[in-house]
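Using the working numbering, the first residue of the sequence shown is number 84, and each one after it goes up by one. In this text, a Cβ means the ideal position worked out from N, Cα and C, and glycines have one as well.
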Amino acid sequence: MDNKTVLEGILWDLKCLSDLFLHGTMESSTETLHKTFQDALNDILNLQNDLYNLMSEEGMYSVSQVSETKITKTKGKFTPSLEED
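So, in C-alpha coordinates, the structure goes:
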(Lines of atoms letter the chains of each structure in order from A and count residues from 1; the text may use other names and numbers.)
(Lines give C-alpha, C1' and ligand atoms only; values in the text may rest on other atoms or scores of the structure.)
Protein backbone atom coordinates (compact mmCIF):
# COMPACT_ATOMS: atom_id res chain seq x y z
CA MET A 1 0.00 0.00 0.00
CA ASP A 2 1.41 3.42 -0.92
CA ASN A 3 1.73 6.42 1.39
CA LYS A 4 -1.13 8.31 -0.23
CA THR A 5 -3.59 5.48 0.41
CA VAL A 6 -2.49 5.13 4.03
CA LEU A 7 -2.70 8.89 4.65
CA GLU A 8 -6.12 9.13 2.98
CA GLY A 9 -7.34 6.39 5.33
CA ILE A 10 -5.99 8.24 8.35
CA LEU A 11 -7.54 11.51 7.13
CA TRP A 12 -10.89 9.75 6.72
CA ASP A 13 -10.64 8.39 10.27
CA LEU A 14 -9.85 11.85 11.62
CA LYS A 15 -12.88 13.28 9.81
CA CYS A 16 -15.11 10.58 11.34
CA LEU A 17 -13.68 11.21 14.81
CA SER A 18 -14.22 14.95 14.48
CA ASP A 19 -17.88 14.33 13.68
CA LEU A 20 -18.20 12.04 16.69
CA PHE A 21 -16.52 14.53 19.01
CA LEU A 22 -18.63 17.39 17.62
CA HIS A 23 -21.82 15.53 18.50
CA GLY A 24 -20.37 14.54 21.87
CA THR A 25 -19.62 18.19 22.56
CA MET A 26 -23.11 19.32 21.59
CA GLU A 27 -24.93 16.56 23.46
CA SER A 28 -22.82 16.31 26.62
CA SER A 29 -24.81 16.52 29.81
CA THR A 30 -22.23 18.07 32.14
CA GLU A 31 -19.73 20.90 31.83
CA THR A 32 -16.83 18.51 32.51
CA LEU A 33 -17.93 16.14 29.78
CA HIS A 34 -18.54 19.06 27.40
CA LYS A 35 -15.00 20.36 28.02
CA THR A 36 -13.51 16.90 27.50
CA PHE A 37 -15.25 16.46 24.15
CA GLN A 38 -14.44 20.03 23.11
CA ASP A 39 -10.75 19.54 23.86
CA ALA A 40 -10.73 16.24 21.97
CA LEU A 41 -12.50 17.90 19.03
CA ASN A 42 -9.92 20.68 18.90
CA ASP A 43 -7.07 18.15 19.03
CA ILE A 44 -8.58 16.08 16.21
CA LEU A 45 -9.21 19.16 14.07
CA ASN A 46 -5.58 20.23 14.54
CA LEU A 47 -4.36 16.76 13.58
CA GLN A 48 -6.64 16.80 10.53
CA ASN A 49 -5.28 20.20 9.51
CA ASP A 50 -1.67 19.08 9.96
CA LEU A 51 -2.25 15.94 7.90
CA TYR A 52 -4.07 17.89 5.18
CA ASN A 53 -1.18 20.37 4.99
CA LEU A 54 1.36 17.54 4.76
CA MET A 55 -0.62 15.82 2.02
CA SER A 56 -1.02 19.10 0.14
CA GLU A 57 2.71 19.81 0.32
CA GLU A 58 3.40 16.33 -1.08
CA GLY A 59 0.86 16.83 -3.89
CA MET A 60 -1.43 14.10 -2.53
CA TYR A 61 -4.42 16.30 -1.84
CA SER A 62 -5.13 19.08 -4.26
CA VAL A 63 -7.88 21.65 -4.36
CA SER A 64 -8.81 23.32 -7.60
CA GLN A 65 -10.10 26.86 -7.93
CA VAL A 66 -13.60 27.31 -9.28
CA SER A 67 -14.55 30.37 -11.30
CA GLU A 68 -17.12 32.80 -9.96
CA THR A 69 -19.24 32.08 -13.05
CA LYS A 70 -19.52 28.38 -12.18
CA ILE A 71 -20.41 29.20 -8.59
CA THR A 72 -23.14 31.62 -9.70
CA LYS A 73 -24.49 29.11 -12.24
CA THR A 74 -24.65 26.33 -9.65
CA LYS A 75 -26.20 28.62 -7.06
CA GLY A 76 -28.85 29.60 -9.61
CA LYS A 77 -29.86 25.95 -10.01
CA PHE A 78 -30.72 25.67 -6.31
CA THR A 79 -32.01 29.14 -5.46
CA PRO A 80 -35.50 28.70 -6.99
CA SER A 81 -36.15 25.51 -5.00
CA LEU A 82 -34.96 27.16 -1.80
CA GLU A 83 -37.32 30.10 -2.28
CA GLU A 84 -40.32 27.77 -2.66
CA ASP A 85 -40.06 26.51 0.95
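task = With distances taken Cα to Cα, identify the nearest neighbour of Asn132 among Asp85, Asn86 and Glu91.
result = As a first step, residue 132 is located in the sequence shown; it is residue number 49 there, counting from the start. With respect to the C-alpha of Asn132, the residue from Asp85, Asn86 and Glu91 having the closest C-alpha is Glu91.
inquiry  = To the nearest angstrom, how far is the alpha carbon of Thr162 from that of Val149?
reply    = Counted from its first residue, the sequence shown places residue 162 at position 79. Counted from its first residue, the sequence shown places residue 149 at position 66. Their backbone Cα atoms lie some 19 Å apart in a straight line.
ask   = What number of angstroms, rounded off, separates the C-alpha of Thr152 from the C-alpha of Met84?
value = If you number the sequence shown from 1, residue 152 lands on position 69. If you number the sequence shown from 1, residue 84 lands on position 1. Computed Cα separation, rounded: 40 Å.
task = Determine the burial state of Leu137: buried for a count of at least 16 other Cβ atoms within 10 Å of its Cβ, exposed for fewer.
result = Residue numbering aside, residue 137 sits at position 54 when the sequence shown is read from its first letter. Here Leu137 is exposed, its C-beta having fewer than 16 other C-beta atoms within 10 Å.
inquiry  = Check for me: the alpha helix (DSSP H) holding Asp96 runs from which residue to which?
reply    = Numbered from 1 along the sequence shown, position 13 holds the residue referred to as residue 96. The continuous alpha helix (DSSP H) containing Asp96 extends over residues Asn86 to Glu110.
request  = Report buried or exposed for Leu116, applying the criterion of at least 16 other Cβ atoms within 10 angstroms of its Cβ.
outcome  = The residue you call residue 116 lines up with position 33 of the sequence shown. By the 10 Å Cβ count, Leu116 comes out exposed.
message = When you compare the CB positions of Leu105 and Leu124, do they come within less than 9 Å of one another, or not?
response = Counted from its first residue, the sequence shown places residue 105 at position 22. Counted from its first residue, the sequence shown places residue 124 at position 41. Between Leu105 and Leu124, the gap from beta carbon to beta carbon is short of 9 Å.
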